[in-house]
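This report concerns only the one structure given below.
Residue numbers (the numbering used here): 44 to 233.
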């Protein structure tokens, strides 16, 4: 995406959209659930492979069992952050659905993107989540058997990044007691 935006001929044909206009376009049916707003640009979401869906589903089920009643696990639901409205594969937010009856949450405790073919784009979303002070952001990469963990948002950037792989244990800092071992998460049980 950014390579194209660096080209003047292409940039002249691209228009930024405010969050308010994006919502209005949704009401009019111009955009739908196949789109998300990233840094003011409407992006068509990629289709999801079986590996992506399996990994997302396993993580979501694990998180649902681990979170307290004070948190809600949200699959592919919007977060309104500045001039972006990403729909992460999984977000864990404070509160219940009644708390965002009139507006989408503007932050989360944990955001997880599963990246099979969208690694570059999902890594690029780190600054969006950091700007919303999301304490922990994961880019889960099943193809590589790794999870990139971003923590400590500071001035719109994460000050800490680590990669967890193989039999290493990822200890979630925002969901007490929740751990993930990449080798187990990515293993296919039959």
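Yeah, the Cβ is synthetic: ideal placement off N, Cα and C, and Gly gets one too.
Residue 174, DSSP secondary structure in three states: The residue you call residue 174 lines up with position 131 of the chain shown. Residue 174: helix per DSSP, three-state reduction.
Beta-carbon spacing of residue 135, residue 153 below 7 Å: Along the chain shown, one-based indexing puts residue 135 at 92. Along the chain shown, one-based indexing puts residue 153 at 110. Result yes, Cβ atoms of residue 135 and residue 153 sit closer than 7 Å.
Collapsed DSSP secondary structure at residue 95 in the structure displayed: Locating residue 95 in the chain shown gives position 52, where the first residue counts as 1. The three-state reading of DSSP puts residue 95 in helix, counting H, G and I together.
Whole-angstrom distance between residue 118 and residue 92, CA atom to CA atom: The residue you call residue 92 lines up with position 49 of the chain shown. The residue you call residue 118 lines up with position 75 of the chain shown. In this model, residue 92 and residue 118 are separated by some 16 Å (Cα to Cα).
Cβ pair residue 156, residue 165 closer than 7 Å: The sequence position of residue 156 within the chain shown is 113, counting from 1. The sequence position of residue 165 within the chain shown is 122, counting from 1. Yes. Within cutoff.
CA-to-CA distance, residue 97 to residue 232, given in whole angstroms: Position 189 of the chain shown, counted from the first residue, corresponds to residue 232. Position 54 of the chain shown, counted from the first residue, corresponds to residue 97. Pairing residue 232 with residue 97, the inter-Cα distance amounts to about 11 Å.
Beta-carbon proximity of residue 88 to residue 101, cut-off 7 Å: The residue given as residue 88 occupies position 45 in the chain shown. The residue given as residue 101 occupies position 58 in the chain shown. For residue 88 and residue 101, no; Cβs fall outside 7 Å.
Range covered by the beta strand (DSSP E) that runs through residue 70: Indexing the chain shown from 1 puts residue 70 at position 27. Bounds of any beta strand (DSSP E) do not take in residue 70; it lies within the alpha helix (DSSP H) bounded by 62-70.
contact_flag[the region 136-147, the region 159-178] where n(CB pairs < 8 Å) is 3 or more: Cβ pair count under 8 Å is below three, so no.
For residue 215, the nearest candidate out of 176, 171 and 181 (CA to CA): Within the chain shown, the letter at position 172 stands for residue 215. For the residues 176, 171 and 181, the minimum Cα distance to residue 215 belongs to 181.
Separation of residue 169 from residue 212, as counted between CA atoms: Here the question's residue 212 lines up with position 169 in the chain shown. Here the question's residue 169 lines up with position 126 in the chain shown. As the crow flies, the alpha-carbon of residue 212 is around 22 Å from that of residue 169.
Sequence-distant residues of its chain with Cβ nearer than 6 Å to residue 68 (five each side left out): Taking the chain shown and counting its residues from 1, the one referred to as residue 68 is at position 25. Exclusion of the five residues before and after residue 68 leaves 74 as the residues of its chain whose Cβ lies within less than 6 Å of its Cβ.
Cβ shell of residue 59 (< 6 Å), same chain only, five flanking positions each side left out: Here residue 59 refers to the residue found at position 16 of the chain shown. Cβ contact annotation for residue 59 (same chain, cutoff 6 Å, sequence separation greater than five): 83, in chain order.
Run of the beta strand (DSSP E) containing residue 191, from where it starts to where it stops: Here residue 191 refers to the residue found at position 148 when the chain shown is read from its first residue. Residues 189-197.
Contiguous alpha helix (DSSP H) assignments of at least 4 residues, all confined to the region 121-173: For the region 121-173, whole alpha helix (DSSP H) runs of length 4 or above, ordered along the chain, are 162-167.
Bounding residues of the beta strand (DSSP E) (the contiguous stretch that carries residue 118): The residue labelled residue 118 in the question sits at position 75 within the chain shown. 114-118 is the extent of the beta strand (DSSP E) around residue 118.
Alpha helix (DSSP H) segment containing residue 227, residue limits: Translated into positions along the chain shown, residue 227 becomes position 184. Counting along the chain, residue 227 sits inside the alpha helix (DSSP H) bounded by residues 225-229.
Whether residue 109 touches residue 218 by CB criterion (7 Å): Within the chain shown, the letter at position 66 stands for residue 109. Within the chain shown, the letter at position 175 stands for residue 218. For residue 109 and residue 218, yes; Cβs fall inside 7 Å.
Residue 99 classed as buried or exposed, judged by whether at least 16 other C-beta atoms fall within 10 angstroms: Along the chain shown, one-based indexing puts residue 99 at 56. Classification for residue 99: buried.
Bridge partners - residue 207, DSSP secondary structure assignment: Within the chain shown, numbered from 1, the residue matching residue 207 stands at position 164. The partner list for residue 207 (beta bridge, DSSP) reads 190.
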